[in-house]
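Reviewing the structure listed below.
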Amino acid sequence: MRLYFLVSQPVLTQPDALLVFPGQVAQLSCTLSPPHTTIGDYGVSWYQQRAGSAPRYLLYYRSEEDHHRPAGIPDRFSAAKDIAHNACILTISPVQPEDDADYYCSVGYSFGP
Numbered sequence: 219m220r221l222y223f224l225v226s227q228p229v230l231t232q233p234d235a236l237l238v239f240p241g242q243v244a245q246l247s248c249t250l251s252p253p254h255t256t257i258g259d260y261g262v263s264w265y266q267q268r269a270g271s272a273p274r275y276l277l278y279y280r281s282e283e284d285h286h287r288p289a290g291i292p293d294r295f296s297a298a299k300d301i302a303h304n305a306c307i308l309t310i311s312p313v314q315p316e317d318d319a320d321y322y323c324s325v326g327y328s329f330g331p
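Numbering-wise (our numbering), the sequence shown opens with residue 219 and increments by one.
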């Protein structure tokens with residue numbers, strides 16, 4: 219069992235837009251601030267929202283040992299942390315036309331195995 223607590227104090231910043239073409243690699247960043255808050259302490263969830271649809275959960279990433287991508291989400295979607303920039307990076311490789319969407323991140327502490 220896993221228990222998640224969403225945190226309200228840290229602020230997440232994402233770029234407004236990213237232009238890529240099918241077959242390329244897209245990397246979307248989710249930067250955590252204030253600076254004294256460390257991305258390494260958090261699990262990050264990523265969501266995809268296509269036009270006219272509800273958000274869809276893509277994956278959770280805390281570390282190489284603690285991550286989850288549900289069945290049905292292609293392995294083209296992956297995440298990693300950039301500790302130097304206090305960010306979590308969502309990578310889509312290779313990008314496909316159906317990946318045209320808005321992407322959102324959220325952070326939270328997780329407890330449990």
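We put the beta carbon where it would ideally sit given N, CA and C, even for glycine.
Do residue i and residue j have their C-beta atoms closer together than 8 Å?
| i | j | result |
| --- | --- | --- |
| Ser311 | Val262 | no |
| Thr349 | Thr249 | Here the chain comprises residues numbered 219 to 331, so residue 349 is not present and cannot be evaluated. |
| Tyr279 | Gly326 | no |
| Asp234 | Gln267 | no |
With a threshold of 6 Å on Cβ separation, who are the neighbours of residue i within its own chain once the five nearest residues in sequence on each side are excluded?
| i | result |
| --- | --- |
| Ser226 | With a pLDDT of 49 at Ser226, under the threshold of 50, the predicted position of this residue should be treated as unreliable, though the coordinate-derived value follows. The answer is none, since no qualifying residue turns up. |
| Tyr322 | Tyr265 |
| Pro315 | Pro240 |
What's the gap between the Cα of residue i and the Cα of residue j?
| i | j | result |
| --- | --- | --- |
| Glu283 | Tyr265 | 21 Å |
| Leu246 | Ser296 | 11 Å |
| Ser324 | Arg287 | 15 Å |
| Ala289 | Arg274 | 12 Å |
| Ser281 | Leu308 | 13 Å |
| Ser271 | Leu236 | 20 Å |
| Asp317 | Asp293 | 13 Å |
Which class does residue i belong to by DSSP, given the choice of helix, strand or coil?
| i | result |
| --- | --- |
| Gly270 | coil |
| Ile291 | coil |
| Gly241 | coil |
| Ala302 | helix |
| Asp320 | strand |
What does a CB cutoff of less than 7 Å around residue i pick up in its chain, not counting 5 residues either side in sequence?
| i | result |
| --- | --- |
| Val238 | Ala244 and Val313 |
| Ile291 | Leu276 and Leu277 |
| Ile257 | Leu250, Lys299, Ile301, Asn304, Ala305 and Cys306 |
For residue i, which beta-bridge partners are listed by DSSP?
| i | result |
| --- | --- |
| Val325 | Val262 |
| Ile310 | Ala244 and Phe295 |
Could you pull out every residue in the same chain whose Cβ sits closer than 8 Å to the Cβ of residue i, ignoring the five residues on either side in sequence?
| i | result |
| --- | --- |
| Gly241 | Pro312 and Val313 |
| His285 | Leu277, Tyr278, Tyr279 and Ala297 |
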